[in-house]
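**Student:**
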């Protein structure tokens, strides 16, 4: 179940302009992007340095976000590039400023306020 403060979104992280792309889905966009940036999101995106948020699309329901993520993941790379460049032609990090002024955030997963390993 998704809570009232959810930020359900499909997103694309990149290692740089025309670099490696990672497509994901989350119910907490701010925290997920923070985990990508601070290196706590391992696997593919961590290995290839996908720390720049270049595209995202909000959804009201997780089921529609998951459906969209699967659709985008099936696309050829050139279609993903077109999606990004249509809305973000300069490949700016769309999360710039999101974390300014926040104390050292720990974006690790939490359950009832306790960090998970």
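Residue numbers (our numbering): 30 to 146. By construction, the Cβ of each residue, glycine as well, lies at the ideal position given by its N, Cα and C atoms.
1. When we look at the beta-carbon of residue 106 and count the other beta-carbons within 10 Å, is it buried (16 or more) or exposed?
2. Give the secondary structure of residue 35 by DSSP, where H, G and I count as helix, E and B as strand, and everything else as coil.
3. Taking DSSP as the reference, what is the three-state secondary structure of residue 108?
4. Please check the pair residue 39 and residue 85, which I expect to be a contact at CB under 8 Å, by giving their CB distance rounded to whole angstroms.
5. What does DSSP give as the partner residues of residue 42 in its beta bridges?
6. I want to know whether the segment 113-132 touches the segment 56-66 - three or more CB-CB distances under 8 Å.
**Tutor:** According to the structure data:
1. In the chain shown, the residue the question calls residue 106 occupies position 77. Exposed, by the Cβ-count rule.
2. Position 6 of the chain shown, counting from 1, holds the residue named residue 35. Correct three-state label for residue 35: coil.
3. Reading the chain shown from its first residue, position 79 is the one you call residue 108. In the displayed model, residue 108 falls within a helix according to three-state DSSP.
4. Within the chain shown, the letter at position 10 stands for residue 39. Within the chain shown, the letter at position 56 stands for residue 85. Their Cβ separation, rounded to whole angstroms, is 7 Å, which keeps residue 39 and residue 85 in contact under 8 Å.
5. Indexing the chain shown from 1 puts residue 42 at position 13. Answer by DSSP bridge pairing, in chain order: 51 and 82.
6. Between the segment 113-132 and the segment 56-66, the count of Cβ pairs shorter than 8 Å is three or higher; the stretches touch.
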